[in-house]
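Read in numbering that gives the first Met the number 0, the sequence shown has 437 at position 438, and its numbers run on one by one without any break. Note that CB positions come from ideal geometry on N, CA and C, so glycine has one too. These notes concern the structure reproduced below.
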Amino acid sequence: MKNLSKYFVVVVIASVFLLFPKNNAQAACIFNEAFANWWSKTTVALNESVGFTVPGNVECANKTVIVEFYGQSGFDFFIKTMSVKANSSGNTPVTVSFSATDFGVRSGDQRVYYKIKTEDGSSNQLTSQDLTVRLSTGGSCTLTSAQWRWNFRNEKILGSPLHMMVSGRGCAGYGVSFKIYTDDSIDYEIDTINGTFDSTGTSLDVIWVANNRNDSRPISSSLYNYNFYFIASAGTGQGNAVTKVTSDTVMIPTNSQNGCINCNNIFAPSTCVCADNFSESRGLASSCDSVCSSHIGDAKSDTLGTGGGGMVCGNNRCETGESPINCPADCKPGQTQTYPFSIENPLKGGANDFTGLVKIIAQWLFNLAIPIAVAMIVYSGILFLTAQGEPAKVTKAKEVLKYAVIGLAIILIGSGFITLIQSILELGSSSPASNSGQPTLPTNNTGGNTALLGAVGGKCTGDRDCFTGLKCQDTICKRGTGNLINEPCNSARNCDVGSICDKSDLGLQVIDGQTLGTCLLDNNVTGGRIGDVCERDSNCISGLKCNKICQRRDGNLIGEPCVNTAPGGNCNSQACSTFGSNVVGTCVIKP
0 MKNLSKYFVV
10 VVIASVFLLF
20 PKNNAQAACI
30 FNEAFANWWS
40 KTTVALNESV
50 GFTVPGNVEC
60 ANKTVIVEFY
70 GQSGFDFFIK
80 TMSVKANSSG
90 NTPVTVSFSA
100 TDFGVRSGDQ
110 RVYYKIKTED
120 GSSNQLTSQD
130 LTVRLSTGGS
140 CTLTSAQWRW
150 NFRNEKILGS
160 PLHMMVSGRG
170 CAGYGVSFKI
180 YTDDSIDYEI
190 DTINGTFDST
200 GTSLDVIWVA
210 NNRNDSRPIS
220 SSLYNYNFYF
230 IASAGTGQGN
240 AVTKVTSDTV
250 MIPTNSQNGC
260 INCNNIFAPS
270 TCVCADNFSE
280 SRGLASSCDS
290 VCSSHIGDAK
300 SDTLGTGGGG
310 MVCGNNRCET
320 GESPINCPAD
330 CKPGQTQTYP
340 FSIENPLKGG
350 ANDFTGLVKI
360 IAQWLFNLAI
370 PIAVAMIVYS
380 GILFLTAQGE
390 PAKVTKAKEV
400 LKYAVIGLAI
410 ILIGSGFITL
420 IQSILELGSS
430 SPASNSGQPT
440 LPTNNTGGNT
450 ALLGAVGGKC
460 TGDRDCFTGL
470 KCQDTICKRG
480 TGNLINEPCN
490 SARNCDVGSI
500 CDKSDLGLQV
510 IDGQTLGTCL
520 LDNNVTGGRI
530 GDVCERDSNC
540 ISGLKCNKIC
550 QRRDGNLIGE
560 PCVNTAPGGN
570 CNSQACSTFG
580 SNVVGTCVIK
590 P
């Protein structure tokens with residue numbers, strides 16, 4: 000009997016294992032609700048991405064996970080399903096966005112949640128917290144500013160990723176159209192790209208990779224640099240008023256897609272200058288594209304300094320900064336190494352061409368001739384004193400004195416004639432430059448509707464509507480180099496370099512029936528401003544160049560900083576006034 004009982008127990012246990020086989024996967028994957036990151040945002044607009052991560056144990060690793068999304072609007076309704084893979088740690092990261100078709104005819108804010116479980120049913124099921132999705136934009140969107148930004152440190156070239164930054168007010172969920180143009184006499188549309196404000200509705204960042212694919216300019220694009228700007232617009236015009244802002248301009252050299260920044264000419268330059276400021280003679284059988292292709296630096300990267308700079312070990316060139324110690328592959332004993340070499344211009348005037356050299360030599364001769372003439376007059380006096388009445392010596396003394404006076408008169412009269420001719424040519428010109436180097440002209444920044452026609456900020460349709468020295472742009476009169484701080488603007492293009500056009504409530508002003516903004520200093524811009532010490536153009540903000548200090552491309556204006564050691568000078572007037580032994584001075588009107 001006991002033996003029968005033993006057999007019965009064995010049969011029962013075996014039956015349990017046979018009828019209910021062990022399933023190691025069943026309920027082994029556990030999603031942890033306590034550590035769940037439900038949503039990365041609490042509110043999103045249509046087509047705005049939102050993410051979340053569901054943590055699981057290692058048994059969830061690499062499993063297929065089903066995510067079902069539901070909405071709540073009186074009763075729960077199904078929206079859509081996603082199938083994703085858990086990572087090797089067992090966590091499940093998900094990114095999702097919702098479109099208008101997901102909600103059918105529903106309107107207003109919608110609450111959305113999700114349910115998540117593994118496809119094979121081996122996990123527990125989690126239900127998330129609610130996310131608010133705004134189906135309608137609502138309110139009125141006003142775009143307030145538009146600017147270019149970039150994250151790399153080297154020179155901008157075709158292929159560089161540029162950020163189009165737009166600020167707005169009440170623009171949650173609004174779509175924005177970006178149209179990129181070239182700032183020429185006739186502005187040509189180069190590209191179009193779209194973006195959407197997030198649920199905050201205050202800022203939008205869209206990346207555009209600089210290109211010239213749609214360049215339709217009739218004149219060959221190889222002759223001119225690109226001055227890109229963009230116009231951002233939001234609103235449909237059907238119940239939602241269209242709002243627009245225009246950015247500042249950003250200069251990119253033509254033919255720079257391979258790194259050469261001085262190939263903007265029909266003829267190839269003899270010396271190639273690259274995006275990372277490396278320069279090298281191209282040679283007769285070479286091209287600047289081949290020279291600069293390994294010297295793009297980080298100009299095509301959206302992360303600061305990730306482009307590798309100019310020193311690339313392994314490119315078969317022993318370059319500056321490389322040596323047989325840190326780069327034996329390129330720098331072998333006995334090989335030639337290239338170094339940038341330049342000779343500082345010894346001429347104080349900084350002549351860069353033949354005309355400038357002639358002016359400096361003429362000034363030197365003038366300064367030398369006056370003391371020589373005085374010395375000859377003194378010499379003639381000595382001859383008179385030592386003549387002792389001898390007719391021959393007296394005659395010689397008179398001749399020396401006569402020719403010395405004639406020579407001095409020619410020198411002084413010649414210089415006077417030049418000044419006289421210059422003053423005659425300047426008759427009828429606009430009034431003298433002010434301390435800022437800009438024309439002394441009235442401005443329309445009173446904040447009221449009364450305006451002086453043709454003044455800075457006045458309404459215009461062409462340059463003829465503006466005072467002499469001003470130009471018409473974006474339907475207002477602006478200064479040649481851009482309006483100054485606190486002066487009116489209709490876009491960032493109207494403002495001086497390093498400034499933005501503020502169209503927020505504080506900056507708005509109505510002039511000639513137009514609602515305009517105010518030029519303000521851009522505190523977010525990176526780089527040196529006018530007068531800051533620099534070593535290369537990339538050290539200065541966009542629109543300036545480096546010549547010992549950051550300066551305007553056409554020279555600094557009257558009253559702006561300069562240094563008397565800068566080759567060619569920093570001043571548009573070619574006159575830098577310094578005091579004593581000071582190197583730093585101020586640009587003045589050339590005497």
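1. Are the CB atoms of V272 and C259 within a distance shorter than 9 Å?
2. Please state if the CB of L157 and the CB of S592 are separated by a distance shorter than 9 Å.
3. Note down, in chain order, each residue of its chain lying with its Cβ closer than 7 Å to the Cβ of K589, except the 5 sequence neighbours on either side.
4. Mark I548 as exposed unless 16 or more other C-beta atoms lie within 10 angstroms of its C-beta, in which case mark it buried.
5. Should C570 go down as buried or exposed, given a rule of 16 or more other Cβ atoms within 10 Å for buried?
6. How many whole angstroms separate the CB atoms of G457 and D511, which I take to be in contact at a CB cut-off of 8 Å?
7. Look up E154 in the DSSP assignment and say whether it is helix, strand or coil.
8. If we ignore side chains and look at the alpha-carbon of each, how far apart do N210 and D301 end up?
9. With burial defined as no fewer than 16 other Cβ atoms inside 10 Å of the residue's Cβ, what is the status of D607: buried or exposed?
10. What does a CB cutoff of less than 6 Å around L130 pick up in its chain, not counting 5 residues either side in sequence?
11. Would you mind stating whether N226 and D190 have Cβ atoms separated by less than 9 Å?
12. What is the DSSP secondary structure of T100, reduced to helix, strand or coil?
13. Could you pull the start and end residues of the alpha helix (DSSP H) that S280 belongs to?
14. Pick out whichever of G50, Q109, N485 and T80 has its Cα sitting closest to the Cα of F74.
15. How close, in whole Å, do the beta carbons of G516 and C488 come, if the pair is a contact with beta carbons under 8 Å?
16. Whole angstroms are fine: how far does the CA of L142 sit from the CA of A592?
17. Taking DSSP as the reference, what is the three-state secondary structure of V399?
18. Mind checking which residues open and close the alpha helix (DSSP H) that includes D288?
19. For the ligand ATP, I want to know if G530 counts as a neighbour, meaning its beta carbon is within less than 8 Å of at least one of the ligand's heavy atoms.
20. How about A403 and A372: are their beta carbons less than 9 Å apart?
21. Starting from the Cα of G568, find the closest Cα among Y113, T41, G554 and T195 and give me that residue.
22. Output the boundary residues of the beta strand (DSSP E) element that contains K84.
23. Return helix, strand or coil for P339, following the three-state DSSP convention.
24. Name the DSSP beta bridge partners of T577, please?
25. Give the single residue among N123, W147, S176 and V43 whose Cα lies nearest to the Cα of V132.
26. Between which residues of its own chain and R105 is the CB-CB distance below 8 Å, once the five residues before and five after are set aside?
27. Relative to the C-alpha of G200, which residue among C459, A233, W207 and D186 is closest?
28. Starting from the C-beta of D197, find all residues in its chain whose C-beta is less than 6 Å away, skip the five residues before and the five after it, and write them out in chain order.
29. Less than 7 Å between C-beta atoms, sequence neighbours within five positions excluded: which residues of the same chain meet that for G479?
30. Thinking C-alpha only, which one of V509, M163, N261 and S139 is nearest A145?
31. When the Cα of C59 is compared with those of V83, A27, S82 and K155, which residue comes out closest?
32. State the beta-bridge partners of M375 as determined by DSSP.
33. Measure from the alpha carbon of L556 to the alpha carbon of each residue in S96, I78, K401 and I529, then state which is nearest.
34. Got a sec, what are the start and stop residues for the beta strand (DSSP E) V587 sits in?
35. If you follow the beta strand (DSSP E) that K114 is part of, which residue opens it and which one closes it?
36. Please confirm whether V663 and I230 have their CB atoms less than 9 Å apart.
Reading it off the structure:
1. yes
2. Any question about residue 592 goes unanswered here, given that the chain covers just 0 to 590.
3. S572, Q573 and A574
4. buried
5. buried
6. 6 Å
7. coil
8. 15 Å
9. Since the first and last residues shown for the chain are 0 and 590, residue 607 lies out of range.
10. W38 and V111
11. no
12. helix
13. Looking at the DSSP string, S280 is not in any alpha helix (DSSP H); the run it does join, the beta strand (DSSP E), is S278 to S280.
14. Q109
15. 5 Å
16. Residue 592 falls outside the range modelled here, since the chain spans only 0 to 590, and no answer is possible.
17. helix
18. C287 to C291
19. What this structure holds is no ligand at all, so the ligand ATP is not there to describe.
20. yes
21. G554
22. F74 to K84
23. Residue confidence for P339 is low, a pLDDT of 45 falling below 50, so the modelled location carries little weight; the figure read from the coordinates is stated next. Coil, per DSSP.
24. None, per the DSSP bridge assignment.
25. V43
26. G70, S72 and L134
27. A233
28. E47
29. G468 and K470
30. M163
31. A27
32. DSSP, once it has assigned bridges, lists no residue as partnering M375.
33. I529
34. Per DSSP, V587 belongs to no beta strand (DSSP E) and is neither H nor E.
35. D108 to T117
36. There is no way to answer for residue 663, as the model of the chain reaches only from 0 to 590.
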